[in-house]
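First the structure, in the form of C-alpha cells, and then the observations on it.
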Amino acid sequence: MGRGLITDLLSRSLCFSLQFLLYEKVAEVTNPGSESLLLHRTNDASYNLSRSQLRLEDEPIPTELQPYFEQGKKTYESFKLILDRTAWEPMTTMSDDVIKIASAYNRESGITMFYLELVVNVSAEVVFREDWDHVPDYPKWNPNFLHTEVVLDITSRCRLTYQVTTPIGNGLIWSRDAVTIAYWNKEGDATYLAFSSTSWPALPPSNRYVRATFYPQGFVYSPLPGDPEKTLVRWVYHVDVHLAFVPARVLNLVLPKACRDSFMYYRKHAEDLMKEWKGE
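Given below as C-alpha cells:
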C-alpha cells in the first residue's frame, strides 16, 4: 500500500472521528433531555461508508449511523402527530372527484402544509413497494423530478435519499434539491412512509440548486374500505422552498398545484402498472 494512500486513509479516519464527536457535543448542547418530536433534524453524523458496512434492522447498526436511524424514527413519530392533530381546511377550488386537497398552517415551521388524497387501482402493498423499491425511477414517470436516488440504506426500513426537482410555476420556483432521511412502518392495514431533511458530507449544498427544507411529512398507504385491491394514498407536503421574495399567498397556490400535478402523474403510473401486469 502506497504511503499516499495510507496518509489519506488516516486523514479520513481522523476527519470522521472529529466529525462524530462534534455531532455528539452539539446534540448535548442544543437538545438536552428534549422529548420534542416535531421538526426534528440531525446534523452530519458520519463519514462516507461503503454499503458492505451496513446492517439489516434486526442486526446491530454501526455507531456512526445510529443518529440517522434515530432521526428517521423521530421523523416518523412527528409525521404521525401531524396526521393525528392537524385540522385541515379543504381547498375546494383545487379539489375534485379524483384528488382532494386541504391546507393547514404549521406554527412550528411557520409555513403552510398541504394534504392530498388519491385512490389508485393497485393494492396498498404493491403501491408502497413500488415507491420504496424504485426510487431512481421516479423521473421516468414524474416530470417534476429531475433526479432521485437512494444514497444509503441504513436498515430495511430507514435510508438516506437525494432528490432534485424541476422548476415549477412557469419557472417561478427554480430547481430545488434535498437530502432526506426516510423511515417506514406498518400499523394495522396502513403503511406509513415519513421523511425529513438531513445532511450528508458527500452532498453539501451547491450553487446549482437551492437546498429546500423538508419538515416531517410523508405518505400513508391504506386499503380502500370495501375494496382492498384499491389504495387510498394520503400525502402531507411540508416543505420550505426558501423563496422569501414571493408572497406566501402566491406560494400557497403554486405549491399545491405542483403537488396535484405530481399526484396525477402518480395515478397515471399506477394505471400503467396495472396494464403491464394484465399484459395490455
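Per mature numbering (1 follows the signal peptide of the UniProt record, and there is no 0): the sequence shown = residues -17 to -1, 1 to 263.
For every residue, glycine included, the Cβ atom is placed at its ideal position computed from N, Cα and C.
Can you give me the C-alpha to C-alpha distance between residue i and residue j, rounded to a whole angstrom?
i    : j    : result
I84  : T75  : 7 Å
N14  : Q54  : Unreliable positioning characterises N14 in this predicted model, as indicated by a pLDDT of 36, which lies under 50. A coordinate reading is not provided.
T214 : P208 : 9 Å
R159 : P43  : 35 Å
D120 : T148 : 14 Å
R34  : P73  : Caution is warranted here: a pLDDT of 40 is assigned to R34, below 50, making its placement in the model unreliable, and the coordinate value is therefore given only provisionally. Distance between the alpha carbons of R34 and P73: 44 Å.
L129 : V109 : 24 Å
W157 : V222 : 14 Å
P211 : D114 : 18 Å
V144 : N235 : Here the sequence assigns Thr to residue 144, which means Val is not the residue at that position. Computed Cα separation, rounded: 26 Å.
R68  : G262 : 43 Å
P188 : A161 : 9 Å
E170 : D116 : 20 Å
F197 : Q146 : 11 Å
R112 : R191 : 32 Å
P206 : K240 : 26 Å
For chain B, check one thing: does any of its Cβ atoms lie closer than 7 Å to the Cβ of residue i?
i   : result
P73 : Within the model displayed, chain B is absent; a lone protein chain is all it includes.
Can you find the residues in the same chain that come closer than 6 Å, C-beta to C-beta, to residue i, ignoring five residues on each side of it along the sequence?
i    : result
V81  : none
G152 : V237
S78  : I84
V193 : R159, H225
R142 : V133, D136, A165
N89  : M96
Can you tell me which of the options puts its alpha carbon nearest to the alpha carbon of residue i?
i    : options                : result
W218 : P50, M96, H130, R68    : M96
P150 : A195, P73, G93, S205   : A195
I94  : S189, Q200, L256       : Q200
K57  : P45, W124, S180        : S180
M247 : F111, P45, N89, W124   : W124
H252 : P122, L155, T131, Y198 : P122
Since residue i contacts residue j with CB under 8 Å, what's their CB separation in whole angstroms?
i    : j    : result
F52  : A177 : Not quite, the Cβ-Cβ distance comes to about 13 Å (not below 8 Å), so this is no contact.
I137 : L48  : 5 Å
T127 : D244 : A small correction: the amino acid at residue 127 is Asn; Thr does not occupy that position in the sequence shown. Contact holds; Cβ gap of about 6 Å.
V134 : L186 : 7 Å
D216 : F202 : In the sequence on display, residue 216 carries Val and not Asp. About 6 Å; that satisfies the 8 Å criterion.
A70  : A87  : 6 Å
Y204 : A231 : Rounded, the Cβ-Cβ distance is 31 Å, inconsistent with contact.
L66  : Y249 : With a Cβ gap of about 19 Å, L66 and Y249 do not count as contacting.
Looking at the strands, I want to know which residues DSSP matches up with residue i.
i    : result
L135 : L143
W167 : L176
R217 : E100, V203
Y88  : T95
E72  : S86
I65  : In the DSSP output, where bridge partners are listed per residue, I65 has none listed.
Less than 8 Å between C-beta atoms, sequence neighbours within five positions excluded: which residues of the same chain meet that for residue i?
i    : result
C242 : I84, F97, L99, W218, Y220
Apart from the five residues just before and just after residue i, which ones in its own chain have a Cβ nearer than 7 Å to its Cβ?
i    : result
Y59  : Y166, N168, Y175, A177
M257 : N104, V105
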